[in-house]
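Data first, discussion second: the structure below is written as structure tokens.
Number of protein chains: 2
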Amino acid sequence: MKPTLEIFSQGEEIVCGQIADTNAAWLSQQAVQLGFLVTRHTAVGDKLDDLVGLLKEIAERADCCLCTGGLGPTTDDLTAQAVAEAFGLPLVFDTVAFAQIQDFFTRRQRVMPDSNRKQALLPKGSQRLDNALGTAPGFSVQAGRCWFAFMPGVPSEMRHLFAERILPTLSTRFALTPDRLITLKTIGIGESAIQELLRPITLPEGVAIGYRASVGEVQIKLLFPHNYPEDLLNRFTDAIAAPLGDKVFAVDDSNTGHCSDLVGIIDALMGQRQLRLAVLETVSRGCLGSLCPTADWLLSSAYYQGVASGDTVCDGNETVQSLAADLIASGADCALVQAFTDNKENFAVRGQSTGINIYLLTPDASHLAQYRLSGPSGHKQQQAALLSLDVLRRYLQGCLA
Amino acid sequence: MKPTLEIFSQGEEIVCGQIADTNAAWLSQQAVQLGFLVTRHTAVGDKLDDLVGLLKEIAERADCCLCTGGLGPTTDDLTAQAVAEAFGLPLVFDTVAFAQIQDFFTRRQRVMPDSNRKQALLPKGSQRLDNALGTAPGFSVQAGRCWFAFMPGVPSEMRHLFAERILPTLSTRFALTPDRLITLKTIGIGESAIQELLRPITLPEGVAIGYRASVGEVQIKLLFPHNYPEDLLNRFTDAIAAPLGDKVFAVDDSNTGHCSDLVGIIDALMGQRQLRLAVLETVSRGCLGSLCPTADWLLSSAYYQGVASGDTVCDGNETVQSLAADLIASGADCALVQAFTDNKENFAVRGQSTGINIYLLTPDASHLAQYRLSGPSGHKQQQAALLSLDVLRRYLQGCLA
Numbered sequence: 002m003k004p005t006l007e008i009f010s011q012g013e014e015i016v017c018g019q020i021a022d023t024n025a026a027w028l029s030q031q032a033v034q035l036g037f038l039v040t041r042h043t044a045v046g047d048k049l050d051d052l053v054g055l056l057k058e059i060a061e062r063a064d065c066c067l068c069t070g071g072l073g074p075t076t077d078d079l080t081a082q083a084v085a086e087a088f089g090l091p092l093v094f095d096t097v098a099f100a101q102i103q104d105f106f107t108r109r110q111r112v113m114p115d116s117n118r119k120q121a122l123l124p125k126g127s128q129r130l131d132n133a134l135g136t137a138p139g140f141s142v143q144a145g146r147c148w149f150a151f152m153p154g155v156p157s158e159m160r161h162l163f164a165e166r167i168l169p170t171l172s173t174r175f176a177l178t179p180d181r182l183i184t185l186k187t188i189g190i191g192e193s194a195i196q197e198l199l200r201p202i203t204l205p206e207g208v209a210i211g212y213r214a215s216v217g218e219v220q221i222k223l224l225f226p227h228n229y230p231e232d233l234l235n236r237f238t239d240a241i242a243a244p245l246g247d248k249v250f251a252v253d254d255s256n257t258g259h260c261s262d263l264v265g266i267i268d269a270l271m272g273q274r275q276l277r278l279a280v281l282e283t284v285s286r287g288c289l290g291s292l293c294p295t296a297d298w299l300l301s302s303a304y305y306q307g308v309a310s311g312d313t314v315c316d317g318n319e320t321v322q323s324l325a326a327d328l329i330a331s332g333a334d335c336a337l338v339q340a341f342t343d344n345k346e347n348f349a350v351r352g353q354s355t356g357i358n359i360y361l362l363t364p365d366a367s368h369l370a371q372y373r374l375s376g377p378s379g380h381k382q383q384q385a386a387l388l389s390l391d392v393l394r395r396y397l398q399g400c401l402a
Numbered sequence: 002m003k004p005t006l007e008i009f010s011q012g013e014e015i016v017c018g019q020i021a022d023t024n025a026a027w028l029s030q031q032a033v034q035l036g037f038l039v040t041r042h043t044a045v046g047d048k049l050d051d052l053v054g055l056l057k058e059i060a061e062r063a064d065c066c067l068c069t070g071g072l073g074p075t076t077d078d079l080t081a082q083a084v085a086e087a088f089g090l091p092l093v094f095d096t097v098a099f100a101q102i103q104d105f106f107t108r109r110q111r112v113m114p115d116s117n118r119k120q121a122l123l124p125k126g127s128q129r130l131d132n133a134l135g136t137a138p139g140f141s142v143q144a145g146r147c148w149f150a151f152m153p154g155v156p157s158e159m160r161h162l163f164a165e166r167i168l169p170t171l172s173t174r175f176a177l178t179p180d181r182l183i184t185l186k187t188i189g190i191g192e193s194a195i196q197e198l199l200r201p202i203t204l205p206e207g208v209a210i211g212y213r214a215s216v217g218e219v220q221i222k223l224l225f226p227h228n229y230p231e232d233l234l235n236r237f238t239d240a241i242a243a244p245l246g247d248k249v250f251a252v253d254d255s256n257t258g259h260c261s262d263l264v265g266i267i268d269a270l271m272g273q274r275q276l277r278l279a280v281l282e283t284v285s286r287g288c289l290g291s292l293c294p295t296a297d298w299l300l301s302s303a304y305y306q307g308v309a310s311g312d313t314v315c316d317g318n319e320t321v322q323s324l325a326a327d328l329i330a331s332g333a334d335c336a337l338v339q340a341f342t343d344n345k346e347n348f349a350v351r352g353q354s355t356g357i358n359i360y361l362l363t364p365d366a367s368h369l370a371q372y373r374l375s376g377p378s379g380h381k382q383q384q385a386a387l388l389s390l391d392v393l394r395r396y397l398q399g400c401l402a
């Protein structure tokens, strides 16, 4: 039996919907990967009674609870007080925490406001979790059957505290048997087409399959039980990948924790080959360039109204080819040119699709890929950028004939 | 006293952190604007006992509950069954719902799978909420002190059902006295600088002020009680706006529901003036273009490596000015050119800032704006794009001398 875990968030900005609770999603992902059974998320605002009641409930119900928010210096930051009331642990002034808070301000050459003194008050018997990035220390406490860890709501501080102070404790406190998640990332093929291709494959006992689609990418998630035999895992992963061919651009493994993305893969390949790219972003309109904010290999990216659109391109792609040749002449090793093939006027229409040609000119050959884009204009733009990068990826990986 | 409202989400993908619960945030915003006191969000997965227990709790605790997810055709979609068990309302086959589901498939020339029959089973005595966008009808039911509305988890279907079926009911079922939210949107100034400028202003009794910062934008939120006198509201809003000058690019009012954004404002102004813009995106690298996917007025946007960076630009901006002149010569009415002024190598370094010059050449004059960018490279890029667009906005609104 996996230990159960709940996520608890404090903050009016979450309860009132000013921000989505991305901390809860991030912490849940970590917990699932560690081998917890995540059972519930709860968010409440700054009413002390709500907080106290909820903490008592969770202490009876879950084995572990990861909590964010409510550790700040202002009067609506009530988490420590709520813990004190819920579990009868009076607040105690922590001199080490106070010295850290003072030091935080000293290093920034600022005077510590009196209100920050409150952040050094921790429930009696709790363990302080030092926070190198902000003024609020976290703390952990065992209450009832549940081990609680309290973190600040600022995402960067929360992630820091989780990685540095909580993660090491979780693996010693709990007997965790994490499932293993293999994620196949695909581009250029839709979710239903993938399901159709995978239909003949029988799922082994105990293995689960799931799909997750976003703009320009569909992920296939294979969940294997803890200690599933390595050879069987590899054989089944290969069987899933085979019918998808070069649509699969990455296979991630939760055991390594590495998360691949298309731009990162191209970054590495372009670096190895020492190639430089020029792009005419007729359809993606700058989106390709903006996806690569620090890429040395991107020599230029440009959008010009009225270029490479519509009729001229349907006439044998001569315009596109000559535009690509111009880009190579400007000093690039490879050139990508996008062109509308039909229904350019549908680009801004949510329910209508638009045809696109993506032309890649390289030192050894030229390639043309054709797609249809759909969804709102921002999605079409992003699809065009990612599909163009993917043509380049397949060239670099030797997948283009 | 405002009626209390809770948000309840069903779905393993939320509890396991595969997606952030943006439905909960959106529904909370709507509820707050309508005049509810939102007290809690809860998300649970597909365990029937959890669902039943939670529904019973909420029925005792809240006046209204907006629920999403769990209405699909698969066995882990348990919401209707959980309502039936929690409140003793056996599931009844709804022939109208069934006809709608069949019709959904007929219109798409597909055969209805048997599993979808389940979606026509609704708790006895509940009111069906017709869903024009998907197969799952929603339903509403009164249980204990709480009026529950159940919607699909697909965001587009959820929003449709909320707007068409739930919103009209809420305003008749509940005595709502909504606060009025005035949002001043600023660009080119940080949150602490704003707070410093606003420090001398006294907040009137009953009015609350809040801040929300995102990349390139800081919002000032003024919350006025229901029926706050119009003249006093306007006077206070003006007092807040005055010291911020042309940093304020929009003032939104929850009474109208309109939500302004910088690109939309520029869209309208460029349309009125019939001007066309060319941009050299040295720093934003395509991000400006990608923010304007359907703008007719964007004649071109381009990024070239090595152009308008570093030393040449510090020498009196001659390079930047001549590049802008080239863009005008290419057929644009206005040209924006970005150049690094110093520390170009810091662009990719998260903790370091980079200087940027933004040069605008227009039919009547030329303008230079200088900023420092900070944060990760993607943020610097986005700031550069938004600040460039803002120079154009201020020119179009006559704010540039």
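In the order they appear, the protein sequences are chains Y and U. All residue numbers for the first sequence refer to my numbering, where the first residue is 2 and numbers rise by one. All residue numbers for the second sequence refer to my numbering, where the first residue is 2 and numbers rise by one. All C-beta atoms, glycine included, are put in the ideal place defined by N, C-alpha and C. Only a predicted model underlies this, so the values are computations on that prediction, with no experimental measurement involved.
*List the residues that DSSP assigns as beta-bridge partners of C17 (chain Y).*
Along the first sequence, one-based indexing puts residue 17 (chain Y) at 16. C17 (chain Y) is not bridged to any residue.
*asked:* If you follow the beta strand (DSSP E) that S1 (chain Y) is in, where does it begin and where does it stop?
replied: Outside the modelled stretch of chain Y, which goes from 2 to 402, sits residue 1 (chain Y), for which no answer is possible.
_Just verifying my parser: in three-state terms, what is the DSSP assignment at I266 (chain U)?_
Here residue 266 (chain U) refers to the residue found at position 265 of the second sequence. In the structure shown, I266 (chain U) sits in a helix (DSSP, three-state: H, G or I).
*So with Cβ pairs under 8 Å, would you call P179 (chain Y) a contact of chain U?*
In the first sequence, counting from the first residue as 1, residue 179 (chain Y) sits at position 178. With 8 Å as the cut-off, P179 (chain Y) does not count as an interface residue toward chain U.
_Short Cβ contact (8 Å threshold) for L90 (chain U) with V45 (chain U)_ = If you number the second sequence from 1, residue 90 (chain U) lands on position 89. If you number the second sequence from 1, residue 45 (chain U) lands on position 44. No, these two residues do not count as a Cβ contact at 8 Å.
*Proximity winner among U:I20, U:R395, U:L198, U:G154, relative to A251 (chain U) (alpha-carbon distances)*: Locating residue 251 (chain U) in the second sequence gives position 250, where the first residue counts as 1. Considering only alpha carbons, the answer is U:R395.
*What are the partner residues of A336 (chain U), as DSSP defines its beta bridges?*
Taking the second sequence and counting its residues from 1, one reaches residue 336 (chain U) at position 335. DSSP output for A336 (chain U) lists U:A279, U:L362 as bridge partner(s).
*From E58 (chain Y) to A209 (chain U), what does the alpha carbon distance come to, in whole angstroms?*
Here residue 58 (chain Y) refers to the residue found at position 57 of the first sequence. Here residue 209 (chain U) refers to the residue found at position 208 of the second sequence. Linking E58 (chain Y) to A209 (chain U) through their CA atoms gives a straight-line distance of about 32 Å.
*Check whether the Cβ atoms of R286 (chain U) and P294 (chain Y) sit closer than 8 Å, and answer yes or no.*
Taking the first residue of the second sequence as position 1, residue 286 (chain U) is located at position 285. Taking the first residue of the first sequence as position 1, residue 294 (chain Y) is located at position 293. For R286 (chain U) and P294 (chain Y), yes; Cβs fall inside 8 Å.
*Determine the closest residue to K248 (chain U) out of U:L270, U:I221, U:H227, with distance taken between C-alpha atoms.*
Reading the second sequence from its first residue, position 247 is the one you call residue 248 (chain U). Selected option, being the one with the closest Cα: U:I221.
_For C288 (chain Y), tell me which candidate among U:L56, U:A386, U:M113 has the shortest Cα-Cα distance._
Residue 288 (chain Y) sits at position 287 when you count from the first residue of the first sequence. The shortest Cα separation from C288 (chain Y) among U:L56, U:A386, U:M113 belongs to U:A386.
*Can you have a look at Q398 (chain U) and say buried or exposed, based on whether 16 or more other CB atoms are within 10 angstroms of its CB?*
As a position in the second sequence, residue 398 (chain U) is number 397, starting the count at 1. The residue is exposed, with fewer than 16 neighbouring Cβ atoms inside 10 Å.
_Would the stretch 72 to 85 of chain Y count as touching the stretch 162 to 169 of chain Y if we require 3 or more Cβ pairs under 8 Å?_
no
*When the Cβ atoms of the stretch 327 to 344 of chain Y are set against those of the stretch 359 to 375 of chain Y, are three or more pairs found closer than 8 Å?*
yes
*asked:* Assuming the contact rule is C-beta atoms closer than 8 Å, V39 (chain Y) and A83 (chain Y) should be a hit. Round their C-beta distance to whole Å, please.
replied: For the purposes of this step, residue 39 (chain Y) is identified with residue 38 of the first sequence, where counting begins at 1. For the purposes of this step, residue 83 (chain Y) is identified with residue 82 of the first sequence, where counting begins at 1. Going by Cβ atoms, the distance from V39 (chain Y) to A83 (chain Y) rounds to 22 Å, so no, they are not a contact pair.
_Neighbourhood of S172 (chain U) by C-beta, 8 Å cutoff - its chain only, sequence neighbours within 5 removed_ = The residue labelled residue 172 (chain U) in the question sits at position 171 within the second sequence. Only L35 meet the Cβ criterion.
_With a threshold of 8 Å between beta-carbons, can W27 (chain U) be considered close to chain Y, or not?_
Here residue 27 (chain U) is taken as the residue at index 26 of the second sequence, counted from 1. Yes, W27 (chain U) lies at the interface with chain Y (some Cβ there is under 8 Å from its Cβ).
*Note down, in chain order, every chain U residue with its Cβ under 8 Å from the Cβ of S378 (chain Y).*
Here residue 378 (chain Y) is taken as the residue at index 377 of the first sequence, counted from 1. Those within 8 Å of S378 (chain Y) in chain U are P294, T295.
*Measure the CB-CB distance between R41 (chain Y) and D51 (chain U) and report whether it falls below 8 Å.*
On the first sequence, position 40 is the one that residue 41 (chain Y) refers to. On the second sequence, position 50 is the one that residue 51 (chain U) refers to. Going by C-beta atoms, R41 (chain Y) is nearer than 8 Å to D51 (chain U).
*asked:* Using beta carbons (cut-off 8 Å, strictly below), is I183 (chain U) in contact with chain Y?
replied: Position 182 of the second sequence holds residue 183 (chain U). No, no contact with chain Y.
*Checking contacts by CB at 8 Å: is G414 (chain Y) closer than that to chain U?*
Nothing can be reported for residue 414 (chain Y): it is not among the residues displayed for chain Y, which extend from 2 to 402.
*Rounded to a whole number of angstroms, what is the C-alpha to C-alpha distance between A26 (chain Y) and C17 (chain U)?*
Position 25 of the first sequence holds residue 26 (chain Y). Position 16 of the second sequence holds residue 17 (chain U). Straight-line Cα distance between these residues: approximately 7 Å.
*Proximal residues, the stretch 380 to 401 of chain U versus chain Y, C-beta separation under 7 Å*: Q382
_Any C-beta of chain U within less than 9 Å: which residues of the stretch 186 to 218 of chain Y qualify?_
G211, R213
*Put G311 (chain U) into one of helix, strand or coil per three-state DSSP.*
As a first step, residue 311 (chain U) is located in the second sequence; it is residue number 310 there, counting from the start. Residue confidence is low: G311 (chain U) scores 47 on pLDDT, short of 50, so the model does not pin down where it sits. No coordinate-derived value is stated.
*Are at least three pairs of beta-carbons, each pair with one atom in the stretch 89 to 104 of chain Y and one in the stretch 113 to 126 of chain Y, less than 8 Å apart?*
yes
*Is it a yes or a no for the stretch 251 to 266 of chain U touching the stretch 185 to 205 of chain U, going by three-plus beta-carbon pairs under 8 Å?*
yes
*May I ask you to list the residues that DSSP assigns as paired with Y229 (chain Y)?*
For the purposes of this step, residue 229 (chain Y) is taken as the residue at position 228 of the first sequence. According to DSSP, Y229 (chain Y) bridges with nothing at all.
*Please name the residues in the stretch 125 to 142 of chain Y whose beta-carbon is closer than 9 Å to at least one beta-carbon of chain U, in chain order.*
Here the close residues number zero.
_Residues within the stretch 255 to 277 of chain Y neighbouring chain U, beta-carbon criterion of under 7 Å_ = none
_Euclidean distance between Cα positions of I20 (chain Y) and E14 (chain Y)_ = Taking the first residue of the first sequence as 1, we reach residue 20 (chain Y) at position 19. Taking the first residue of the first sequence as 1, we reach residue 14 (chain Y) at position 13. In a straight line, the C-alpha of I20 (chain Y) is about 6 Å away from that of E14 (chain Y).
*Thinking C-alpha only, which one of Y:S215, Y:G376, Y:T283 is nearest S389 (chain Y)?*
For the purposes of this step, residue 389 (chain Y) is taken as residue 388 along the first sequence, with counting starting at 1. It is Y:T283 whose Cα lies nearest to the Cα of S389 (chain Y).
*K373 (chain U) at chain Y interface by Cβ criterion, 8 Å*: Here the question's residue 373 (chain U) lines up with position 372 in the second sequence. The sequence given here places Arg at residue 373 (chain U); Lys does not occur at that position. False, the Cβ-Cβ gap to chain Y never drops below 8 Å.
*Taking only runs of the beta strand (DSSP E) that begin and end inside the stretch 54 to 96 of chain Y, which ones reach a length of at least 3 residues, in chain order?*
65 to 69, 92 to 94
*Are there 16 or more other CB atoms within 10 angstroms of the CB of G12 (chain U), so buried, or fewer, so exposed?*
For the purposes of this step, residue 12 (chain U) is taken as the residue at position 11 of the second sequence. Burial call: buried.
_Secondary structure of F99 (chain Y), DSSP reduced to three states_ = Locating residue 99 (chain Y) in the first sequence gives position 98, where the first residue counts as 1. The answer is helix: DSSP assigns F99 (chain Y) an H, G or I state.
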